[in-house]
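The opening position of the sequence shown corresponds to residue 1 in full-length UniProt numbering, with each subsequent residue numbered one higher.
Below: one structure, written as structure tokens.
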Amino acid sequence: MLFSAGLCTLNPGLIVGNKLKEPIRSHSDIDKDNAKHFKKAIKFYDQLALKAVKNSHTIDVFGGCLDQIEAAAVLMARVTLFKSEQDDGADVLRWIDHKEPEAVLLDSVSIKNDRILLLDTFFHILIYHGKTIAEWRKAGYQDLPEYENLKQLLQEPKQEAADLLVDRYPLPRFIDTEEGGSQARFLYSKLNPSTSYNAANIGVNGAVVLTDDVSLQIFMTHLQKLVVSGSN
């Protein structure tokens, strides 16, 4: 249902087909043309959509050559069920000075200057340093005795990544990057663009994602309107 789409030149409302609208309509109580009071049958779709975005490289075979697709299928066939289900865990962990690591949303608002993020997409494990953290690291503050806390802050996500890498098969690609780094695109491509360049809240919170895709919030709002629309 998630992958029913049309031409990329169409607007978001036109690429939502009946395969996505009808199951939601049939499993919920709706008032005609009343999206405001739409029941919560749709509440799991946002999480499912985020998972689909995060795991798109594992299930989207469009444009892939046959040997790449078959190689990926063979690798995944050798992964135990337990390790495969690990992919349904936390997507992003964050580290802030003097605080324990915690899971955060896979969203552009999660990117902050004073934050380190660890992204696990099963095939990629990425450490992302915010602007301020990256500047401190480049200046070598972590090597000074009075900045022992910064040294520890930089080491913790690396140790977490090492623990993930040692027991993961197939071996993920490890990426260590920062704001403005060329490899940061692996993180940005997975984020829900709540703060994209054309959003009303640009520059307020989070990173600016250069994409023409609509955010998940806009998509879900539009989907609810289509479900209750009297014209369908």
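All residues carry an ideal CB built from backbone N, CA and C; glycine is no exception.
{"Check": "Would the C-beta of leucine 126 count as close to the ligand MN, meaning under 7 Å from any of its heavy atoms?", "Outcome": "No copy of the ligand MN occurs in the structure displayed, which carries no ligand at all."}
{"Check": "Return the CA-CA distance between isoleucine 96 and valine 166, expressed in angstroms with no decimal places.", "Outcome": "25 Å"}
{"Check": "Which residues in the same chain have their Cβ closer than 7 Å to the Cβ of glutamate 85, if we skip the five residues on either side of it in sequence?", "Outcome": "In this predicted model, glutamate 85 has a pLDDT of only 47, less than 50, meaning its place in the structure is not dependable enough to derive any value."}
{"Check": "State whether the segment 207 to 215 contacts the segment 142 to 154, with contact taken as three or more CB pairs (one from each stretch) at a distance under 8 Å.", "Outcome": "no"}
{"Check": "Would the beta-carbon of threonine 192 fall within 8 Å of that of leucine 106?", "Outcome": "In the sequence under discussion, the amino acid at residue 192 is asparagine, which differs from the threonine named in the question. The answer is yes: Cβ separation under 8 Å."}
{"Check": "What are the start and end residues of the alpha helix (DSSP H) that includes threonine 177?", "Outcome": "That residue, threonine 177, is in no alpha helix (DSSP H); its beta strand (DSSP E) goes 173 to 178."}
{"Check": "Between Phe122, Lys99, Thr132, Tyr128, which lies nearest to asparagine 113 when the distance is taken from Cα to Cα?", "Outcome": "Thr132"}
{"Check": "Please determine, among Glu102, Leu223, Ala134, the residue with the shortest C-alpha to C-alpha distance to leucine 119.", "Outcome": "Glu102"}
{"Check": "Alpha carbon to alpha carbon, how far is glutamine 68 from proline 157? Give it in angstroms, no decimals.", "Outcome": "31 Å"}
{"Check": "Can you tell me whether tyrosine 128 is buried or exposed? The criterion is at least 16 other CB atoms within 10 Å of its CB, across all chains shown.", "Outcome": "buried"}
{"Check": "Going by DSSP, name the residue or residues bridged to tyrosine 128.", "Outcome": "Leu117, Thr177"}
{"Check": "Taking the Cβ atom as the reference point for each residue, do proline 170 and histidine 124 lie within a distance shorter than 8 Å?", "Outcome": "no"}
{"Check": "Closest by CA to serine 108, which one among His222, Leu226, Leu216?", "Outcome": "Leu216"}
{"Check": "What does the alpha-carbon distance come out to for the pair alanine 162 and leucine 66?", "Outcome": "32 Å"}
{"Check": "Give the DSSP-derived three-state secondary structure of leucine 93 in the structure shown.", "Outcome": "strand"}
{"Check": "Using C-beta distances below 7 Å, list every residue in its chain close to asparagine 154, excluding the 5 sequence neighbours before and after it, in chain order.", "Outcome": "A small correction: the amino acid at residue 154 is leucine; asparagine does not occupy that position in the sequence shown. Cβ within range, chain order: Arg137, Gln142."}
{"Check": "So what's aspartate 107 in DSSP terms, helix, strand or just coil?", "Outcome": "strand"}
{"Check": "So, at 7 Å on beta carbons, what are the nonlocal neighbours of threonine 221 in its own chain, with the 5 sequence-adjacent residues on each side left out?", "Outcome": "none"}
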